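Protein chains in written order, with our numbering: chain A, 8 to 301; chain B, 4 to 217. Quick reminder that beta carbons are idealized off the backbone N, C-alpha and C, glycines included. Source: prediction; values computed, not measured.
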Amino acid sequence: MSTRFKEALNSGEFVITSEIGPPKGTNIDKMHHHIDILKDKVVAMNVTDHQSSVMRFPSIGGCLAIKERGGEPILQMTCRDRNRLALQAELLFAYTRGVMNVLCLTGDAVPVGDHKEAKGVFDLDSVQLLRTIRQLESGKDLGGNDLDGAVEFCAGAIVTPEANPVEPQLLKFEKKVDAGAEFFQTQAIYDLDKFAKFMKYARKFPVKILAGIVLLTSARMAKYMTENVPGIFVPQNLVDELAAAPKGEAINKGIEIAGRMIAALNKDSICDGVHVMAIGREELVPDILTAAGL
Amino acid sequence: MKSITKQKTFDEIKEQLDGLDKVFIVGCGTCATMTKTGGRDEVLGMKDRLQELGKIVTGWTVIPTACDEMTEVALRENSGAISSSNCILVMSCALGVHKISCYIDRPVIPALDTLFIGLEDEPGNFHEVCAQCGQCVLGQTAGICPLTACHKGLLNGPCGGTNKGMCEVDITKDCAWTLIHRRLEAQGRLDLMRKYQPPKNYQATPRPRTTKIA
Chain A
8 MSTRFKEALN SGEFVITSEI GPPKGTNIDK MHHHIDILKD KVVAMNVTDH
58 QSSVMRFPSI GGCLAIKERG GEPILQMTCR DRNRLALQAE LLFAYTRGVM
108 NVLCLTGDAV PVGDHKEAKG VFDLDSVQLL RTIRQLESGK DLGGNDLDGA
158 VEFCAGAIVT PEANPVEPQL LKFEKKVDAG AEFFQTQAIY DLDKFAKFMK
208 YARKFPVKIL AGIVLLTSAR MAKYMTENVP GIFVPQNLVD ELAAAPKGEA
258 INKGIEIAGR MIAALNKDSI CDGVHVMAIG REELVPDILT AAGL
Chain B
4 MKSITKQKTF DEIKEQLDGL DKVFIVGCGT CATMTKTGGR DEVLGMKDRL
54 QELGKIVTGW TVIPTACDEM TEVALRENSG AISSSNCILV MSCALGVHKI
104 SCYIDRPVIP ALDTLFIGLE DEPGNFHEVC AQCGQCVLGQ TAGICPLTAC
154 HKGLLNGPCG GTNKGMCEVD ITKDCAWTLI HRRLEAQGRL DLMRKYQPPK
204 NYQATPRPRT TKIA
């Protein structure tokens with residue numbers, strides 16, 4: 008069985024995905040609002056899994072909400088909070104509820120989050136989780152036992168094209184490909200020339216690559232990301248562009264920049280699509296897509 | 004190789020000694036002396052602080068190696084002062100605390116927290132290099148243990164948190180996989196890093212772990 012997302016990846020169209028951040032608490036109105044805004048504008052929506060190790064409403068819960076509201080979910084699954092039993096169990100559950108796209112992640116470290124004394128699990132890593140999915144699909148669990156009813160997923164992973172150093176990162180990318188990753192969503196990229204070089208390398212592999220586009224909201228945010236977020240580098244000309252925007256207009260400049268980058272990636276078919284992350288400003292994603300001419 | 008310790012806060016020591024007014028203090032002449040957490044100076048310092056607090060220190064000793072079999076003898080030599088105390092405050096790693104608990108019928112209180120088994124690379128600089136997992140992978144990782152040196156204990160390469168070769172969790176620490184990659188590359192053995200490492204057997208020797216030498 009193929010998912011709508013997988014069909015789009017294989018159709019050759021320029022695939023747009025976006026992201027939903029579940030709430031901290033039980034007020035799910037804003038999440039529902041974001042889903043309703045995005046469900047017809049993008050092919051599929053990731054739901055983050057305690058992003059940045061901050062405890063929230065669960066990823067699977069967000070995915071079910073997307074299903075109920077007629078959208079296509081991508082379940083983000085990290086290895087930080089569950090051991091191999093819990094990860095497999097959740098995959099079985101997800102499958103029975105029609106959540107069949109999974110993004111396999113190692114997960115952020117515990118100390119960067121808001122439960123700094125918690126035990127980080129990391130029983131599996133992202134490569135092993137991808138292989139776990141393929142193993143479950145073969146009808147057996149990680150213990151080698153038969154499953155009564157198997158699963159089928161469209162499984163993906165992430166890659167950081169601008170990691171420093173990049174060589175170990177690319178080696179892991181190849182291990183993820185070997186482990187059965189069908190698609191990759193990248194860490195945020197801003198330097199299209201550098202990204203094109205990465206794509207020249209990545210094109211050697213039978214996987215679909217969606218470039219990560221994170222909305223820049225101000226020059227300060229751009230500088231902060233460059234200085235603090237591993238693998239993200241915002242070129243100075245973009246920082247200057249944001250800084251030159253009239254007061255209160257930086258966000259519109261950010262939308263314009265994101266739109267411009269997406270349009271360029273699409274026009275030259277540099278990659279297979281984009282994964283647009285507006286980090287809490289999901290209502291702006293349609294504006295970004297309009298700016299991209301999509 | 005040393006058992007690395009740090010002294011508990013005095014508040015925590017005080018809390019543990021609540022209702023125990025007569026204290027005998029034991030230090031250790033090996034690791035805890037070297038790490039300056041439970042040698043003669045620290046034991047005497049603790050004695051002063053406890054006395055300022057109004058405790059009676061019935062005696063003290065620094066056992067050459069608190070975790071070995073001579074500990075019983077050292078305790079026997081101090082049996083008078085120990086018998087007039089109502090607890091033993093131990094300034095050694097947890098191995099010493101455990102050993103002393105085997106011979107003493109009164110409360111044994113740790114004054115230190117045991118952190119890790121450390122390797123000294125330069126004087127006073129200790130690193131945890133082995134997590135004692137029971138399934139050594141160093142042959143595939145150029146002598147650097149990813150289970151120990153990588154914050155997440157990843158077996159198949161770095162996460163996305165590598166920041167200029169350092170770890171995003173603590174930028175003063177190297178990214179283990181950057182180091183492993185560098186060494187394997189220099190050895191012309193990067194194929195080892197390309198090889199898939201399956202999920203680790205975390206029950207290689209189920210806890211509590213024991214062994215009997217034949």
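At least three beta-carbon pairs within less than 8 angstroms, the stretch 120 to 131 of chain B to the stretch 69 to 86 of chain B: Because the criterion of three Cβ pairs below 8 angstroms is not met, the stretch 120 to 131 of chain B and the stretch 69 to 86 of chain B do not touch.
With 16 other CB atoms within 10 Å as the buried threshold, where does residue 149 of chain B fall? Counting other Cβ atoms within 10 Å of its Cβ, residue 149 of chain B reaches 16 or more and is therefore classed as buried.
Helix, strand or coil for residue 160 of chain A? Go by DSSP, reduced to three states. The answer is coil: DSSP assigns residue 160 of chain A none of H, G, I, E or B.
Nearest to residue 68 of chain B by alpha carbon, out of B:212, B:29, B:49, B:188? The option with the nearest alpha carbon to residue 68 of chain B is B:29.
Any C-beta of chain B sitting closer than 8 angstroms to the C-beta of residue 6 of chain A? Here chain A has residues from 8 to 301 only, and residue 6 of chain A is not among them.
Looking at residue 165 of chain A: is its Cβ nearer than 8 angstroms to the Cβ of residue 195 of chain A? Against a cut-off of 8 angstroms, the Cβ pair of residue 195 of chain A and residue 165 of chain A comes out as no contact.
Which residues does DSSP list as the beta-bridge partners of residue 27 of chain B? Answer is B:62, B:91.
For residue 238 of chain A, decide whether its Cβ has a neighbour in chain B, counting only Cβ atoms nearer than 8 angstroms. Answer yes: the Cβ-Cβ gap between residue 238 of chain A and chain B drops below 8 angstroms somewhere.
Would you mind working out which of A:31, A:198, A:71, A:117 sits nearest residue 101 of chain A, comparing C-alpha positions? Checking every option, the nearest Cα to that of residue 101 of chain A belongs to A:71.
Which of helix, strand or coil does DSSP assign to residue 102 of chain B? Note: residue 102 of chain B maps to helix in three-state DSSP.
Examine chain A for any beta-carbon lying closer than 8 angstroms to the beta-carbon of residue 98 of chain B, and answer yes or no. Chain A, which has no Cβ nearer than 8 angstroms to the Cβ of residue 98 of chain B, makes this no.
Can you name the residues of chain A whose CB is closer than 7 angstroms to the CB of residue 148 of chain B? Within chain A, no residue comes near residue 148 of chain B; the closest Cβ sits about 14 angstroms away, beyond 7 angstroms.
Whole-angstrom Cβ separation of residue 103 of chain B and residue 27 of chain B, contact assumed at under 8 angstroms? In fact, because the Cβ distance is near 10 angstroms, the residues do not count as touching under 8 angstroms.
Please list the terminal residues of the continuous alpha helix (DSSP H) segment that includes residue 142 of chain A. Taken as a continuous stretch (DSSP letters only), the alpha helix (DSSP H) holding residue 142 of chain A covers 133 to 144.
Given a cut-off of 8 angstroms, decide if residue 50 of chain B and residue 89 of chain B are closer than it, judged by their beta-carbon atoms. Taking 8 angstroms as the Cβ cut-off, residue 89 of chain B and residue 50 of chain B do not qualify as a contacting pair.
Nearest-angstrom Cα distance between residue 135 of chain B and residue 172 of chain A? A direct Cα-to-Cα measurement between residue 135 of chain B and residue 172 of chain A gives close to 29 angstroms.
According to DSSP, residue 282 of chain A sits in a beta bridge with which residue or residues? For residue 282 of chain A, the beta-bridge partners assigned by DSSP are A:24, A:219.
Less than 8 angstroms between the CB atoms is what I'm expecting for residue 221 of chain A and residue 25 of chain A, so what's the real figure, rounded? Between residue 221 of chain A and residue 25 of chain A a beta carbon distance of about 11 angstroms is seen, past the 8 angstroms cut, so the two are scored as non-contacting.
What does residue 195 of chain A reach in chain B if we use C-beta pairs closer than 8 angstroms? What residue 195 of chain A touches in chain B: nothing, since even the nearest Cβ is about 11 angstroms away.
Output the boundary residues of the beta strand (DSSP E) element that contains residue 6 of chain B. 5 to 10 is the extent of the beta strand (DSSP E) around residue 6 of chain B.
Locate the beta strand (DSSP E) running through residue 127 of chain A, then write down its first and last residues. Residue 127 of chain A -> no beta strand (DSSP E), and no H or E assigned at all.
Length at least 4, wholly inside the stretch 168 to 204 of chain B: the alpha helix (DSSP H) runs in chain order: Under the rule that a run must span 4 or more residues, the alpha helix (DSSP H) segments found entirely inside the stretch 168 to 204 of chain B read 179 to 189, 194 to 197.
Taking C-beta to C-beta, are residue 203 of chain A and residue 138 of chain A nearer than 8 angstroms? No.
Could you tell me whether any Cβ in chain A is nearer than 8 angstroms to the Cβ of residue 70 of chain B? Put simply, the CB of residue 70 of chain B is far from chain A, with every gap to its CB atoms at 8 angstroms or more.
Residue-level contact to chain B via CB, residue 178 of chain A, 8 angstroms cutoff: Among the CB atoms of chain B, one or more fall inside 8 angstroms of the CB of residue 178 of chain A.
Residue 106 of chain B CB to nearest heavy atom of the ligand NAD below 7 angstroms: As presented, the structure is devoid of all ligands, the ligand NAD included, so that no description of it is given.
If you drop the 5 nearest sequence neighbours on each side, which residues of the same chain put their C-beta closer than 7 angstroms to that of residue 133 of chain A? Excluding the 5 residues flanking it on each side, residue 133 of chain A has same chain C-beta neighbours closer than 7 angstroms at 86, 111, 112, 113, 164, 183, in chain order.
Going by DSSP, what residue range makes up the beta strand (DSSP E) through residue 256 of chain A? First-last for residue 256 of chain A: undefined, no H or E at that position.
Run through DSSP, which three-state label would residue 83 of chain B get? Residue 83 of chain B falls in the helix class under three-state DSSP.
What's the call for residue 94 of chain B, buried or exposed, on a 16-neighbour Cβ count within 10 Å? Classification of residue 94 of chain B: buried, given that the 10 Å Cβ count is 16 or more.
List, in chain order, every chain A residue whose beta-carbon is nearer than 8 angstroms to that of residue 164 of chain B. 115, 116, 237, listed in chain order.
Are residue 178 of chain A and residue 143 of chain A closer than 8 angstroms when you measure CB to CB? 8 angstroms or more divides the Cβ of residue 178 of chain A from the Cβ of residue 143 of chain A.
Taking residue 75 of chain B as the query, report the chain A residues whose CB atoms sit under 9 angstroms from its CB, ordered along the chain. In chain order: nothing, as chain A lies at least about 37 angstroms away.
Would you kindly report the start and end of the unbroken beta strand (DSSP E) that includes residue 143 of chain B? Careful: residue 143 of chain B lies outside any beta strand (DSSP E) and carries neither H nor E.
Round the Cβ separation of residue 119 of chain A and residue 140 of chain A to the nearest angstrom and send it over; I've been treating them as touching at under 8 angstroms. Contact flag wrong, Cβ pair sits at about 26 angstroms.
Quick one: does residue 144 of chain A have its CB under 8 angstroms from some CB of chain B? By this cut-off, residue 144 of chain A is not an interface position.
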